[in-house]
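Input: a single structure, listed below in structure tokens.
Number of protein chains: 2
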Amino acid sequence: MRKRRNGGRPTIADVAQRAGVSSITVSRALRDPERVSPQLRQQIEEAVRELEYVPDQHARALASARTDVIGVIIPSFTNNVFADVLRGIYDGLAQTPYQVQLGNSRYSPIEEERLLATFLSQRPAALIVAGIDQTERGRALLAAAGCPVVQVMDLGDDPVDMMVGFSHRASGHAVTSHLLEAGYRRIGFLGARMDPRTQRRLEGYRAALAEAGLYDPARITTTPASSSVSLGRDLLRDLLARMPDTDAVFCNNDDLALGALFECQRALLAVPASMGIAGFNDLEMMAAACPSLTSVRTPRYEIGSRAVQMARAAIAGRRPAERVVDTGFALQIRESTKRPETVRPQPMGALYNNA
Amino acid sequence: MRKRRNGGRPTIADVAQRAGVSSITVSRALRDPERVSPQLRQQIEEAVRELEYVPDQHARALASARTDVIGVIIPSFTNNVFADVLRGIYDGLAQTPYQVQLGNSRYSPIEEERLLATFLSQRPAALIVAGIDQTERGRALLAAAGCPVVQVMDLGDDPVDMMVGFSHRASGHAVTSHLLEAGYRRIGFLGARMDPRTQRRLEGYRAALAEAGLYDPARITTTPASSSVSLGRDLLRDLLARMPDTDAVFCNNDDLALGALFECQRALLAVPASMGIAGFNDLEMMAAACPSLTSVRTPRYEIGSRAVQMARAAIAGRRPAERVVDTGFALQIRESTKRPETVRPQPMGALYNNA
DNA sequence: GAGGGTCATGTCAGCGCTATCATGGCGAAA
DNA sequence: TTTCGCCATGATAGCGCTGACATGACCCTC
């Protein structure tokens, strides 16, 4: 008896023998049941069940030069934003043979390039990457990938292949315009990490204020450090130390906005009367905060599932007509930017008593 | 010329030809350089570089019946807790040939079992799974996996193989004891999703209160819904409607605690004077909140990297002596449970003015 | 009824790599 | 010098599966 290296698991040949057919017929019955007569199909299914046969992915990949792996590269695990995209992707792939190969670029284009090279060496069925700011070589790798590629979470003019996202510049512009309409005039910007998408939101902010003749670069407070709630507090404190008359802040993301709110509470600065606060992404907590926080709802889950949908269509040879999908975004206006008619800073009572 | 199915990529035979050796020597040079003479090794390395040769993972896996894939199963992508564990795992695997195959069980033991079966069909090098509450069949699959298995984030008596985590019961007990020591007497419990780890924290809460003769099941408020900040608000509101004299809450996790804080702010209930709040996991925002929130620091990143370390040691045949590692946890006492000496509910001024 | 088309199934030869055993050279021990 | 064993390297035979082509049965058309 031949030695088995695969731990005694049955092979396609075992199934074939048991079903009384050749192994290629079993192979066909598993991949494309239509091409096998109902009679044999049934025999084969039975044999598969009896032997608990599971195809060997590696052998399949080697023989067919194709895999059922979809590579996904995101810049952060910790950022809830990508967790939602990921959920969309995984949910879109449930009940399919596809598997996800997940990479974390840590917001580094170099690391992204490295991951891309690694992933491509496995000839994935498709690739989903966050952002449109690959390195030149990264773009070249993607272009030569030989599989569908979907860039997600951003929008640009020249997709490598397909694209699903929204305009960060437009969303930054929309939030800032909203703050202006709410009556705020000395609007600051809090930004962390300053990745390309953040930069584009900042551009939108800048443009909206410039159009209103109210742009003042001194109100922009950023840091390369990665975003956090504490950082939101620190950044707002810095900003107020430099520009005490600032009456609102557009926070680059929701963590910073929450931190800014906490800082206002600590400094006894009334929100929204003396300070308007807007965040970005509209994480679940924004609606629950007190006061509730204005933000921009970004369709993260939808972007993930849509990307999968497009990728699968492309794999199946039905490339969608629309290669670039703009999912849009939605301003969620809440208490934190509902400025009372009379604009005048108001002192507040103490919020709580702790010694 | 032979047709190439792999897209024209060079194979090990190409490298061998270029280096003037046989392909098995190239194979050895790549896997175990020590076994090849320095002379040939150098020639081979050069050929690899010139051809940009990248080994085919599938062919390697098929021929050797081994892979460089480490399967990881977590119950949620959205929960920040697992994001940190994941970071620990990925960081521990950086600069190694290992790759992660990530599965999301969505807190369903059935789904976990399914994932386990799928992953095992690929003969992973190791498996890291969250929790110790597998189904019976899941446990059997793990036991028969034929690879190192690390259960993480919890602690139990009979590891399938290895285990890294801490006692949820003990941590629940510790938090509750702290609330008692701080002077709170009518302590509630807010819990969402109620997965097994949450249940054990609840047990700890129950035990601590029972020991103090203060246990009242009516103060336990739970829901099978998944955790969120809004839910924290809802649960606290429910609890206070039923048991208005509740003077503190142990929240099953930090999202709920934050929601509870917001609810107190909305209801003008002073924290920590009239209501103590403690969370669980000590996410970054807890220290930044206003008032800052007491929580239990859980070493999530460390658990991830430690699990990888143990798995790699086991793969290399050096199974660690300690199969079960208790990482412990640390109570982080902050403003939200620092009750003033005089215990008496205090009214507060309005926090903010929004019309 | 010959020719041609379609369909279900089979044969065969790899995919790119590694396990296994074989080989030859060389130094140490006898 | 002879013998042995060790080491570096090579030849060979698959790993489990699928692509490409072959085969034969059957049906339709003129």
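Residue numbers (this note's numbering), protein chains in the order written: chain A, 988 to 1342; chain B, 988 to 1342. All C-beta atoms, glycine included, are put in the ideal place defined by N, C-alpha and C.
Own chain residues within Cβ distance below 8 Å of residue i, not counting five before or after
{"i": "A/Ser1009", "result": "Ala1003"}
{"i": "A/Ala1205", "result": "Arg1229, Met1230"}
{"i": "B/Cys1134", "result": "Arg1110, Pro1111, Ala1112, Ala1113, Leu1114, Ile1302"}
{"i": "B/Ile1097", "result": "Thr1122"}
{"i": "A/Arg1126", "result": "Val1147"}
{"i": "B/Gln1296", "result": "Gly1079"}
{"i": "A/Thr1105", "result": "Gly1090"}
{"i": "A/Glu1039", "result": "Pro997"}
{"i": "A/Leu1129", "result": "Leu1103, Leu1114, Val1116, Gln1121, Val1136, Val1147, Asp1148"}
Under the three-state DSSP convention, the category residue i falls into
{"i": "A/Gly1291", "result": "helix"}
{"i": "B/Gln1186", "result": "helix"}
{"i": "B/Cys1277", "result": "coil"}
{"i": "B/Cys1134", "result": "coil"}
{"i": "A/Asn1240", "result": "coil"}
{"i": "B/Asn1066", "result": "coil"}
{"i": "B/Ile1302", "result": "helix"}
{"i": "A/Gln1296", "result": "helix"}
{"i": "A/Ile1174", "result": "strand"}
{"i": "A/Pro1327", "result": "coil"}
{"i": "B/Arg1284", "result": "strand"}
{"i": "A/Asp1313", "result": "strand"}
{"i": "B/Gln1319", "result": "strand"}
{"i": "A/Thr1163", "result": "helix"}
{"i": "B/Met1272", "result": "helix"}
{"i": "A/Leu1201", "result": "coil"}
{"i": "A/Gly1191", "result": "helix"}
{"i": "A/Glu1123", "result": "helix"}
{"i": "B/Leu1142", "result": "coil"}
{"i": "A/Val1151", "result": "strand"}
{"i": "B/Ala1000", "result": "helix"}
{"i": "B/Ala1212", "result": "coil"}
{"i": "A/Ala1157", "result": "helix"}
CB-CB length for residue i against residue j, believed under 8 Å
{"i": "A/Gln1252", "j": "A/Arg1284", "result": "Actually they are not in contact, since the Cβ atoms of A/Gln1252 and A/Arg1284 sit about 24 Å apart, beyond 8 Å."}
{"i": "A/Gly1246", "j": "A/Thr1324", "result": "Their Cβ separation, rounded to whole angstroms, is 17 Å, which puts A/Gly1246 and A/Thr1324 out of contact at 8 Å."}
{"i": "A/Ala1000", "j": "A/Ile1031", "result": "Not really, about 13 Å apart at Cβ, beyond 8 Å."}
{"i": "A/Val949", "j": "A/Arg1015", "result": "With chain A covering only 988 through 1342, there is no way to say anything about residue 949 of chain A."}
{"i": "B/Pro1107", "j": "B/Val1059", "result": "Reading the sequence as shown, one finds Leu at residue 1107 of chain B and not Pro. B/Leu1107 to B/Val1059, Cβ: 13 Å. No contact."}
{"i": "B/Arg1184", "j": "B/His1155", "result": "5 Å"}
{"i": "B/Ala1275", "j": "A/Val1216", "result": "4 Å"}
{"i": "A/Asp1241", "j": "A/Asp1269", "result": "7 Å"}
{"i": "B/Asp1071", "j": "B/Tyr1288", "result": "5 Å"}
{"i": "A/Ala1169", "j": "A/Arg1326", "result": "5 Å"}
{"i": "B/Val1151", "j": "B/Ile1057", "result": "Not really, about 14 Å apart at Cβ, beyond 8 Å."}
Sequence-distant residues of the same chain with beta carbon closer than 6 Å to residue i, five excluded per side
{"i": "A/Gly1159", "result": "Arg1188, Gly1191, Tyr1192"}
{"i": "A/Ile1119", "result": "Gln1138, Asp1141, Gly1143"}
{"i": "B/Pro1278", "result": "Val1258, Glu1322, Ser1323"}
{"i": "B/Gln1281", "result": "One point to set straight first is that residue 1281 of chain B is Thr, not Gln, in the sequence displayed. Only Ala1265, Ile1320, Arg1321, Ser1323, Thr1324 meet the Cβ criterion."}
{"i": "A/Gly1315", "result": "Phe1153"}
{"i": "B/Asp1234", "result": "Tyr1171, Arg1173"}
{"i": "B/Phe1249", "result": "Arg1220"}
Residues of its chain near residue i, where Cβ-Cβ distance is below 7 Å and the 5 sequence neighbours each way are ignored
{"i": "A/Ala1194", "result": "His1160"}
{"i": "A/Tyr1094", "result": "Pro1062, Ser1063, Arg1180, Asp1182"}
{"i": "B/Thr1054", "result": "Ala1048, Gln1109, Arg1110, Pro1111, Ala1112"}
{"i": "B/Leu1017", "result": "Pro1042"}
Quick one: complete alpha helix (DSSP H) runs, 4+ long, within the stretch 1214 to 1266 of chain B? 1216 to 1229, 1241 to 1253
Are three or more beta carbon pairs between the stretch 1031 to 1046 of chain B and the stretch 1048 to 1059 of chain A nearer than 8 Å? Verdict: yes, contact present.
Threshold first: 4 residues or longer. Then list the alpha helix (DSSP H) segments lying entirely within the stretch 1007 to 1052 of chain A, N to C. List check, alpha helix (DSSP H) in window: 1010 to 1018, 1025 to 1038, 1044 to 1051.
Given 8 Å as the limit, is there contact between the stretch 1054 to 1071 of chain A and the stretch 1071 to 1087 of chain B, that is, 3 or more CB pairs closer than that? These segments touch.
Could you give the uninterrupted runs of the alpha helix (DSSP H) lying entirely in the stretch 1058 to 1104 of chain A, keeping only those of 4 residues or more? 1067 to 1080
Measuring CB atoms only, is the stretch 1174 to 1182 of chain B touching the stretch 1207 to 1222 of chain B, in the sense that at least three cross pairs come out at less than 8 Å? yes
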